[in-house]
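Asker: Structure below; questions to follow.
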Amino acid sequence: MKSKLTIICLVFLSYACSNGIAEKELPLLNGYWEIEKVTFPDGQTKDYTVNESVDYIQIEQLKGFRKKVKPTFNGTYITNNDAEYFTLFKKENQYFFNYKSNLSDWTESLQTLTKDHFSVTNEDDITYLYKRYEPINISK
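With the working numbering applied, the sequence shown covers 59 to 198.
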């Protein structure tokens, strides 16, 4: 009985420690996202209830970009030509965003991914939780 319990615990522990995001799930990142919460290394959090801008993410074959856009009340977006380009790579069963621009390079680890939420942790150990953006359309 004790050995069965040990095996069950080991299986559960290995499952809980794995990232569990498959490459075929990465297209779930495509679309509009807004920050819901930020968690800092000391455990403090900041909730975002209203966002003036949202992130548009487009990914194809482990390459993509992230662009800030500003939603309008008629369901359209105001945007510019600025985008942050990235590649995704897998290391030790976890996916990472690798951003490179003329000004800097940085990496974020993809922590969670569902159709409605995802989270990333940056090099400063700050975790950003995003939720899928639902546009507000008040036009008639």
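Glycine residues also receive a C-beta, built at the ideal position from the N, C-alpha and C atoms.
Could you tell me whether the segment 90 to 108 touches the segment 147 to 161, using the rule of 3 or more Cβ pairs below 8 Å?
Answerer: Contact fails: fewer than three Cβ-Cβ distances are below 8 Å.
Asker: In its own chain, which residues sit with a C-beta less than 7 Å from the C-beta of Asp183, not counting the 5 before and 5 after it?
Answerer: Around Asp183: Pro99.
Asker: Going straight from the alpha carbon of Thr97 to that of Tyr106, what length do you get?
Answerer: Cα-Cα distance, rounded: 11 Å.
Asker: Smallest Cα separation from Gln102: which of Tyr186, Ile196, Asn138, Arg190?
Answerer: The option with the nearest alpha carbon to Gln102 is Tyr186.
Asker: Is Glu150 near Thr165, with beta carbons less than 8 Å apart?
Answerer: In this structure, Thr165 does not lie closer than 8 Å to Glu150 by Cβ.
Asker: Classify Tyr153 as buried or exposed, calling it buried when 16 or more other Cβ atoms lie within 10 Å of its own Cβ.
Answerer: Tyr153 should be labelled buried.
Asker: Are Glu142 and Arg124 close, meaning C-beta to C-beta below 8 Å?
Answerer: Closer than 8 Å, so yes.
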